[in-house]
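Protein chains: 2
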Amino acid sequence: MAALAKVSPMSVSRALRNQEGVSQETRELVLAAARTLGYRPNEIARSLRPGQKTGMIGLVVTNLANPFYSRLALGVESIAAAHGMRVLLTNTNEDEERERDIVRDLAARQVDGMIVVPAGFGHGHLELGIPVVLAARPPYGIEADCVLVDDFGGAREATAQLLAQGHRRIGFLGNPPAVYTGAERFRGFCAALQEAGVDLDERHVRRAQQDAAAAERATLDLLDLDEPPTAVFAANNRNTIGVLRAIRTTGRQLAVGGFDDFELADMLGVPLTIVAYDADELGRHAARLLLDHLTATPDTPPPAARRTIIPTSVIEYGATPR
Amino acid sequence: MAALAKVSPMSVSRALRNQEGVSQETRELVLAAARTLGYRPNEIARSLRPGQKTGMIGLVVTNLANPFYSRLALGVESIAAAHGMRVLLTNTNEDEERERDIVRDLAARQVDGMIVVPAGFGHGHLELGIPVVLAARPPYGIEADCVLVDDFGGAREATAQLLAQGHRRIGFLGNPPAVYTGAERFRGFCAALQEAGVDLDERHVRRAQQDAAAAERATLDLLDLDEPPTAVFAANNRNTIGVLRAIRTTGRQLAVGGFDDFELADMLGVPLTIVAYDADELGRHAARLLLDHLTATPDTPPPAARRTIIPTSVIEYGATPR
DNA sequence: CTGTTAGCGCCTTCAA
DNA sequence: TTGAAGGCGCTAACAG
Numbered sequence: 000m001a002a003l004a005k006v007s008p009m010s011v012s013r014a015l016r017n018q019e020g021v022s023q024e025t026r027e028l029v030l031a032a033a034r035t036l037g038y039r040p041n042e043i044a045r046s047l048r049p050g051q052k053t054g055m056i057g058l059v060v061t062n063l064a065n066p067f068y069s070r071l072a073l074g075v076e077s078i079a080a081a082h083g084m085r086v087l088l089t090n091t092n093e094d095e096e097r098e099r100d101i102v103r104d105l106a107a108r109q110v111d112g113m114i115v116v117p118a119g120f121g122h123g124h125l126e127l128g129i130p131v132v133l134a135a136r137p138p139y140g141i142e143a144d145c146v147l148v149d150d151f152g153g154a155r156e157a158t159a160q161l162l163a164q165g166h167r168r169i170g171f172l173g174n175p176p177a178v179y180t181g182a183e184r185f186r187g188f189c190a191a192l193q194e195a196g197v198d199l200d201e202r203h204v205r206r207a208q209q210d211a212a213a214a215e216r217a218t219l220d221l222l223d224l225d226e227p228p229t230a231v232f233a234a235n236n237r238n239t240i241g242v243l244r245a246i247r248t249t250g251r252q253l254a255v256g257g258f259d260d261f262e263l264a265d266m267l268g269v270p271l272t273i274v275a276y277d278a279d280e281l282g283r284h285a286a287r288l289l290l291d292h293l294t295a296t297p298d299t300p301p302p303a304a305r306r307t308i309i310p311t312s313v314i315e316y317g318a319t320p321r
Numbered sequence: 000m001a002a003l004a005k006v007s008p009m010s011v012s013r014a015l016r017n018q019e020g021v022s023q024e025t026r027e028l029v030l031a032a033a034r035t036l037g038y039r040p041n042e043i044a045r046s047l048r049p050g051q052k053t054g055m056i057g058l059v060v061t062n063l064a065n066p067f068y069s070r071l072a073l074g075v076e077s078i079a080a081a082h083g084m085r086v087l088l089t090n091t092n093e094d095e096e097r098e099r100d101i102v103r104d105l106a107a108r109q110v111d112g113m114i115v116v117p118a119g120f121g122h123g124h125l126e127l128g129i130p131v132v133l134a135a136r137p138p139y140g141i142e143a144d145c146v147l148v149d150d151f152g153g154a155r156e157a158t159a160q161l162l163a164q165g166h167r168r169i170g171f172l173g174n175p176p177a178v179y180t181g182a183e184r185f186r187g188f189c190a191a192l193q194e195a196g197v198d199l200d201e202r203h204v205r206r207a208q209q210d211a212a213a214a215e216r217a218t219l220d221l222l223d224l225d226e227p228p229t230a231v232f233a234a235n236n237r238n239t240i241g242v243l244r245a246i247r248t249t250g251r252q253l254a255v256g257g258f259d260d261f262e263l264a265d266m267l268g269v270p271l272t273i274v275a276y277d278a279d280e281l282g283r284h285a286a287r288l289l290l291d292h293l294t295a296t297p298d299t300p301p302p303a304a305r306r307t308i309i310p311t312s313v314i315e316y317g318a319t320p321r
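From first to last, the protein sequence lines are chains A and B.
Under numbering that gives the first Met the number 0, the first sequence has 127 at position 128, and the numbering climbs by one with no breaks.
Under numbering that gives the first Met the number 0, the second sequence has 256 at position 257, and the numbering climbs by one with no breaks.
Written out as structure tokens, the structure is:
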């Protein structure tokens with residue numbers, strides 16, 4: 000490259016970065032050569048210099064197949080791209096072991112920072128000397144920014160709505176308690192019951208379904224009880240889908256509450272009480288928090304660990320659309 | 000690091016890569032030091048050496064908000080991860096200019112190869128000296144592997160199904176013809192009409208909707224015609240959703256065919272003729288094709304440009320589920 | 001305005 | 001078995 004332009008590598012470097020201190024003539028020489036070669040400076044070599052960043056951020060999610068996480072990724076990507084940064088996308092499948100490996104690998108690849116949906120509760124492996132922002136789940140044992148959904152509040156409000164409709168036997172379908180959102184949403188569910196003076200019936204609680212098929216089976220289970228619930232609250236979109244399928248299969252009456260909005264919720268002809276929130280915004284916000292750290296300078300020190308709660312709203316979808 | 004272990008950088012390098020020619024003693028010294036420091040070799044510096052790869056592949060899609068592309072990303076990530084590679088995820092918003100920039104940037108970041116859903120038809124900018132696999136759309140003016148959906152065949156078969164149901168006035172809703180899939184699916188639609196001896200009525204064709212809202216308006220438009228279609232074929236999931244909303248809004252009778260399956264298609268209480276295919280597999284296959292190139296050696300030369308067609312199937316969802 | 005030197009972290013090659 | 005030298009592509013700092 001420098002050879003083609005017949006100048007030193009330094010002149011190439013300067014010209015290509017639009018630095019001053021290069022004659023018009025040299026600059027054009029370089030630009031012409033670059034054009035004919037399709038030459039672009041090696042970003043990786045560039046970032047090798049001390050103090051340089053790679054412009055890459057790692058994104059670690061637990062399950063890309065879940066629309067929630069693809070929206071999150073979308074939000075992160077949009078903010079990153081707007082700041083000239085790229086996103087390294089990885090998937091843990093909710094496997095802590097895998098998460099450890101991935102996180103170390105990303106650090107070894109010199110990402111400037113990471114956004115992580117952590118799979119477990121020990122977060123020591125996230126202390127890597129680079130900024131980390133947690134998404135959807137809070138930090139344990141480390142200091143880090145995080146962006147959460149109002150899991151507790153949303154579940155409580157939707158459950159309260161079901162109670163207000165007169166339901167007293169309400170089933171719960173959700174993630175294992177080991178998943179933060181599952182635990183919080185169950186707490187919210189319980190809180191609403193308690194506030195209404197309704198006792199929780201443990202037989203109506205199913206907390207192990209990770210996919211729609213399992214949720215469908217669990218719902219059928221509930222419907223088979225002697226005193227089946229008249230309503231159920233599903234703590235996430237997988238479970239909501241399962242409930243809806245069970246209703247269709249059996250033709251049984253069952254009021255449905257659910258966490259996570261989904262596209263055709265208004266078109267199912269089934270009344271639905273849905274906890275909605277902006278998943279894109281969750282990703283965008285996480286990215287912004289991370290960028291705060293990346294752009295921090297001695298004068299503008301990185302802020303202390305922040306916790307943002309993305310608000311939820313409860314939507315009532317009627318049996319008849321709109 | 001080398002200091003802590005009190006050995007030379009070379010011994011560190013060797014020990015950490017499990018190379019032979021290191022004494023047990025030295026090896027343990029190094030491993031211990033690495034553990035206490037949480038040290039991992041800088042992958043980026045490593046890849047700077049001549050002939051080394053970065054282990055990164057670029058993924059360039061047009062619209063991450065569309066579930067089709069997030070499934071594609073999921074498929075790519077799964078194969079990449081299984082081979083120890085990472086995915087750099089980017090979004091072009093169907094903007095050719097942006098695609099040019101992104102593609103050059105990825106190359107400058109030294110990705111080993113890229114999987115691209117190209118926005119336009121001039122693909123010269125994809126010749127960057129690194130392997131490129133196109134997804135969902137074929138190459139123009141360059142040689143490259145690609146993985147396509149059977150757009151033509153799927154649209155034809157679904158349309159034929161509508162015709163077999165007795166429909167003669169069938170509307171078409173789709174992408175602009177400038178998008179390959181839009182053009183192909185329209186071709187398939189026309190082919191089916193022709194085979195049935197039905198003339199295409201241009202007034203029933205709307206090819207500019209990029210989102211569900213626009214598709215809904217277009218459908219309302221069609222329904223307002225003097226001789227409205229009795230069925231419509233929507234060439235992608237955005238348009239199908241729009242049609243369904245229009246049906247709900249107006250309560251009008253309208254048979255629906257659509258390209259792209261979606262989760263609750265069976266639960267809408269509306270008969271639906273859907274062209275389905277495996278979007279994950281499209282991503283996985285693209286990744287495999289790319290890996291073929293990346294693992295190619297002088298003895299196993301990279302295969303010539305290949306074109307894989309992902310098959311489609313037509314599913315009839317009834318008005319009553321299951 | 002331009003070029004030389006040096007070094008980022010790593011590893012191949014060669015020498016001890 | 002170990003280490004020193006040199007260079008991957010780039011650029012800050014320092015000549016010229």
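Positions of the beta carbon are idealized from the N, C-alpha and C atoms, including for glycine.
- Here the C-alpha atom of Ala190 of chain B lies approximately 6 Å from the C-alpha atom of Arg155 of chain B.
- A direct Cα-to-Cα measurement between Gly112 of chain B and Tyr38 of chain A gives close to 17 Å.
- Around the CB of Pro176 of chain B, fewer than 16 other CB atoms lie within 10 Å, so the residue is classed as exposed.
- Shown here, Phe171 of chain B sits in a strand according to DSSP, grouped into three states.
- Under the Cβ criterion of 7 Å, Arg85 of chain A is counted among the residues facing chain B.
- When only Cα atoms are considered, Leu71 of chain B and Ala303 of chain B end up about 23 Å apart.
- Thr218 of chain A sits close to Ala245 of chain A, with the two beta carbons spaced by under 7 Å.
- Residue pairing from DSSP places Arg205 of chain B in a beta bridge opposite B:Leu172.
- The Cβ-Cβ distance between Val269 of chain B and Leu172 of chain B does not fall below 7 Å.
- Secondary structure within the region 77-114 of chain B: the alpha helix (DSSP H) runs of 4 or more consecutive residues, fully enclosed, are 95-107 (chain order).
- Here the alpha carbon of Phe261 of chain A sits roughly 31 Å from the alpha carbon of Gly83 of chain A.
- Under DSSP, Ser312 of chain A shares a beta bridge with A:Ala275.
- Using a Cβ distance threshold of 7 Å, Ile141 of chain B and His166 of chain B do not count as a contacting pair.
- The beta carbons of Ile101 of chain A and Val146 of chain A sit about 20 Å from each other, so the pair does not count as a contact at 8 Å.
- A straight line joining the alpha-carbon of Glu27 of chain A with that of Val6 of chain A spans about 11 Å.
- Taking 7 Å as the threshold, the shortest C-beta distance from Ile43 of chain A to chain B falls below it.
- Judged by beta-carbon spacing, Pro228 of chain A lies within the 7 Å limit of Arg168 of chain A, meaning their Cβ atoms are closer than that value.
- Three or more beta-carbon pairs drawn from the region 241-255 of chain A and the region 207-214 of chain A are found closer than 8 Å, and the two stretches are therefore classed as touching.
- With a cut-off of 8 Å on Cβ pairs, the region 86-94 of chain B is not in contact with the region 126-143 of chain B, counting fewer than three such pairs.
- Annotation: the continuous alpha helix (DSSP H) that includes Ile246 of chain A extends over Asn236 to Thr249.
- Comparing C-alpha distances from Thr272 of chain A to each of A:Gln164, A:Leu73, A:Gln109 and A:Arg306 shows the shortest one belongs to A:Gln164.
- Chain order gives the chain B residues near Thr53 of chain A as Ile43 and Arg108, where near means a beta carbon separation below 9 Å.
- For Met55 of chain B, the uninterrupted beta strand (DSSP E) run begins and ends at Met55 to Val60, by DSSP.
- Contact of Leu3 of chain B with chain A is not assigned, every C-beta pair being separated by 7 Å or more.
- DSSP, read as helix, strand or coil, puts Phe188 of chain A in helix.
- The alpha-carbon of Gly257 of chain A is positioned some 19 Å away from that of Asp200 of chain A.
- Going by DSSP, Val132 of chain A is part of the beta strand (DSSP E) stretching over Val131 to Ala134.
- Secondary structure of Arg16 of chain A (DSSP, three-state): coil.
- When 9 Å is used as the limit between beta carbons, Leu267 of chain B is near these residues of chain A: Leu263, Met266, Leu267 and Gly268, in chain order.
- Against chain A, the CB of Glu76 of chain B has a partner CB under 7 Å away; the residue lies at that interface.
- The beta carbon of Val197 of chain B sits closer than 7 Å to those of Leu162 and Arg167, all from its chain and outside the five residues before and after it, given in chain order.
- Beta-bridge analysis with DSSP links Arg155 of chain B to no other residue.
- Per DSSP, reduced to three states, the secondary structure at Thr307 of chain B is strand.
- Distance from the Cα of Glu93 of chain B is smallest, within the candidate group B:Ala44, B:Ala33, B:Val115 and B:Leu127, for B:Val115.
- Cβ-Cβ distances below 7 Å link Arg186 of chain A to Phe151 in the same chain, with the five nearest sequence neighbours on each side left out; the list follows chain order.
- The beta carbon of Asn236 of chain B is closer than 6 Å to those of Asp259 and Phe261 in its chain, skipping five residues each way along the sequence.
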